[in-house]
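UniProt numbering applies: residue 1 is where the sequence shown begins, and numbers increase by one. In this text, a Cβ means the ideal position worked out from N, Cα and C, and glycines have one as well.
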Amino acid sequence: MGYAIVNYRTTPKESRYLLACDRSGPYKTPHGIAFENRQRVLTSTRKTDFPFRLNAKKGYDEWIITVKDSSHNHPLSLDSRAHPMHRLRSLSEGICYMIRDLVKSAVPPCSIRTVLNKRFQRVPLTARDIYNINAELLRGELKGRTPTQALIDELTSQKDQHIIADWKKDDENRITHLALFRKQSIEYLRDNHDILLLDCTYKTNRYRLPLQSIIFVTKLHTTTNMGFIFMNGEKEFDYRTTTQLLKMSTRQKHQASNQEGKLLLAIQALSQGQISSVRAAAKLYSVPQSTLVHRVSGRTARVNTPSKQRKLSPTEEESLVQWILVMDERGHPPRVGSVREMANILLANRDPSAEAKPPPTVGKSW
């Protein structure tokens, strides 16, 4: 039996505290509505405008307590659980950790109370206390942001990128469509793109927004959930937007192991009309724009251009290699000058009828 004392007011330097009963003060109506003009007149409140006050002032070596008003207008509480402060302070550290874990797992408050009562003997918590703990944890996670801003920050700050997210905004910078796809499902879809099922469900979230589920059928005649899209409405514009989000998220990002492969992909995209400008193609495939311009104009690749130093045919080169191996087996490995002379002989024997012209040579850079 007793009362509950709370901190009513504190000075900035924390040298003086005004203590009061937790039931002190008048009832404050929301939105500034007068008490007489309320529509819900049958609501109850714990506030009784209790006038009891204690003034605590910090002295040189001790605190000075002064009773400003000792009158009471309500009887003593028969149980300490009637006061939220006593209920929360009586919780052990293990109970607090369990409540936080259950709240983060989206367990309803009524179920949390049931779990606590089965695990512990006496837990003096009400459903309102658990709601307050949930609201406190949510404020700590949001850190001053709105829930939508926190969701976008969480999606954009992913390191492993298991979820591919995309969204559309209106003119007032409000998110109207939000698409969430599993990255692994998109990779499966590229191999099983024959049948795609799009179904719009209702009443699946607290905001009553239509939710479009996307499912595809695999080659084994099984269904796999690819993802879903939150929609603002069900007009033609909304479905066009969801289709655009689906196409953008499932677009395959072309990757090549070398520069030549990227250039070939860019040239193919330009020739098929998928990309209209060379600049956009160079940016998309990460290739030099000048090189792409030259290749589009008809210039051959450097790897396909015959070298100016290579004048022997493959058959002549093979004959030259065989001659080098034979000379090496005989114990007379040829020097560079001898190999060049043998290459010139092979060039001269290519066209024996051309006697008037000087015989071709491989040159010093060969």
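So L245 and A179 are in contact, right, with Cβ under 8 Å, and what is the actual spacing, rounded? The residue given as residue 245 occupies position 245 in the sequence shown. The residue given as residue 179 occupies position 179 in the sequence shown. With 8 Å as the limit, L245 and A179 qualify as a contact, their Cβ atoms being about 4 Å apart.
Within the stretch 96-125, ranges of the alpha helix (DSSP H) (whole runs, at least 4 residues):
109-119
Which complete beta strand (DSSP E) runs does the stretch 149-230 hold, if anything under 3 residues is left out? 163-169, 175-182, 195-201, 211-217, 223-230
State whether the stretch 118-132 contacts the stretch 159-171, with contact taken as three or more CB pairs (one from each stretch) at a distance under 8 Å.
no
Next on the checklist: Buried or exposed, going by whether 16 or more other CB atoms sit within 10 Å of the CB of N37?
Outcome noted: Position 37 of the sequence shown holds residue 37. Classification of N37: exposed, given that the 10 Å Cβ count is below 16.
* C-alpha gap between T204 and L116, whole angstroms -> Walking along the sequence shown from the start, residue 204 turns up at place 204. Walking along the sequence shown from the start, residue 116 turns up at place 116. Distance between the alpha carbons of T204 and L116: 29 Å.
- request: Taking S24 as the reference, give the member of N7, K13, R16, D101 with the closest Cα.
  value: Position 24 of the sequence shown, counting from 1, holds the residue named residue 24. Cα-wise, what sits closest to S24 is N7.
Worksheet item: With respect to the beta strand (DSSP E) encompassing T315, which residues constitute its N-terminal and C-terminal limits?
Response: In the sequence shown, counting from the first residue as 1, residue 315 sits at position 315. First-last for T315: 314-329, but that is the alpha helix (DSSP H), not the beta strand (DSSP E).
Residues in its own chain within less than 8 Å of L312 by CB, not counting five upstream and five downstream? Your numbering for residue 312 matches position 312 in the sequence shown. Result list for L312: L320, A343, L346, L347, V362, in chain order.
**Whole-angstrom C-beta distance between L102 and I112, which should lie under 8 Å** = Here residue 112 refers to the residue found at position 112 when the sequence shown is read from its first residue. Here residue 102 refers to the residue found at position 102 when the sequence shown is read from its first residue. The Cβ separation is near 5 Å, so the contact holds.
Residues in the same chain with beta-carbon distance under 8 Å from L263, minus the five sequence neighbours each way, listed in chain order, please. Locating residue 263 in the sequence shown gives position 263, where the first residue counts as 1. Contacts found: Y285, V287, T291, L292, R295, A301.
Quick test of your reading: H83 and D22, contact by CB under 8 Å. State the CB separation rounded to the nearest angstrom. The residue given as residue 83 occupies position 83 in the sequence shown. The residue given as residue 22 occupies position 22 in the sequence shown. About 6 Å; that satisfies the 8 Å criterion.
- Task: Give the C-beta separation of I5 and L19 to the nearest angstrom, bearing in mind that I take them to be a contact with Cβ-Cβ under 8 Å.
- Result: Along the sequence shown, one-based indexing puts residue 5 at 5. Along the sequence shown, one-based indexing puts residue 19 at 19. Between L19 and I5 the Cβ distance is about 5 Å, and since that is below 8 Å, they are a contact.
**OP:** Compute the distance between the beta-carbons of I215 and M226, then report whether it is under 8 Å.
**Re:** Position 215 of the sequence shown, counted from the start, is the residue given in the question as residue 215. Position 226 of the sequence shown, counted from the start, is the residue given in the question as residue 226. A contact, by the Cβ cut-off of 8 Å.
Notebook entry, point to check: Given a threshold of 16 other Cβ atoms within 10 Å of its Cβ, counted over all protein chains shown, does P109 qualify as buried or as exposed?
Noted result: The sequence position of residue 109 within the sequence shown is 109, counting from 1. Buried.
- Task: Please name the residue in V67, D61, R46, N173 whose C-alpha comes closest to that of R53.
- Result: One-based indexing of the sequence shown puts residue 53 at position 53. Checking every option, the nearest Cα to that of R53 belongs to V67.
- Task: May I have a chain-ordered list of the beta strand (DSSP E) segments no shorter than 3 residues that lie completely inside the stretch 53-81?
- Result: 53-58, 63-69
Practice prompt. Within 10 angstroms of the Cβ of Q268, are there 16 or more other Cβ atoms? Answer buried if so, exposed if not.
Written response: Counting from 1 along the sequence shown, the entry for residue 268 is found at position 268. Answer is exposed; the Cβ neighbour count stays below 16.
Review point. Can T201 and L211 be called in contact, C-beta distance under 8 Å?
Key: Here residue 201 refers to the residue found at position 201 of the sequence shown. Here residue 211 refers to the residue found at position 211 of the sequence shown. Cβ distance < 8 Å, so T201 and L211 count as in contact.
>> Tell me which residues share the same chain as W323 and place their Cβ nearer than 7 Å to its Cβ, disregarding the 5 neighbours each side in the sequence.
In response: Working through the sequence shown from its first residue, we reach residue 323 at position 323. Closer than 7 Å at Cβ, skipping near neighbours: M342.
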